[in-house]
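Residue numbering for the sequence shown follows the working numbering, starting at 5 and increasing by one per position.
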Amino acid sequence: RVCFRTFSSSDESDPIKALRRLHELCSLWLRPDLHTKEEMVDRLGLEQFVMCMPPDIQVLVKS
């Protein structure tokens with residue numbers, strides 16, 4: 005997840021390689037081979053929800 009979120013296209017000079025790398029990182033994070041589409045959407049939704057919350061609430065949700 006961290007690698008996916010911190011990926012920068014400046015790390016790759018070729019846009020096609022950058023897209024492939026981003027796709028690879030996303031697959032490593034979400035693991036579509038192990039999780040259903042619904043589980044992956046839930047994971048993305050929860051992460052976005054937590055990021056929208058104030059820091060003190062983020063700590064509560066993460067624990």
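Note that beta-carbon positions come from the ideal geometry of N, C-alpha and C, so glycine has one too.
Nothing here was measured: the structure is a model prediction, and the numbers come from that model.
Boundaries (first-last residue) of the alpha helix (DSSP H) holding residue i
i: Ser31; result: 19-34
i: Met57; result: That residue, Met57, is in no alpha helix (DSSP H); it is neither H nor E in DSSP.
Contact check, residue i vs residue j, beta carbons under 8 Å
i: Val54; j: Val45; result: no
i: Arg47; j: Leu34; result: yes
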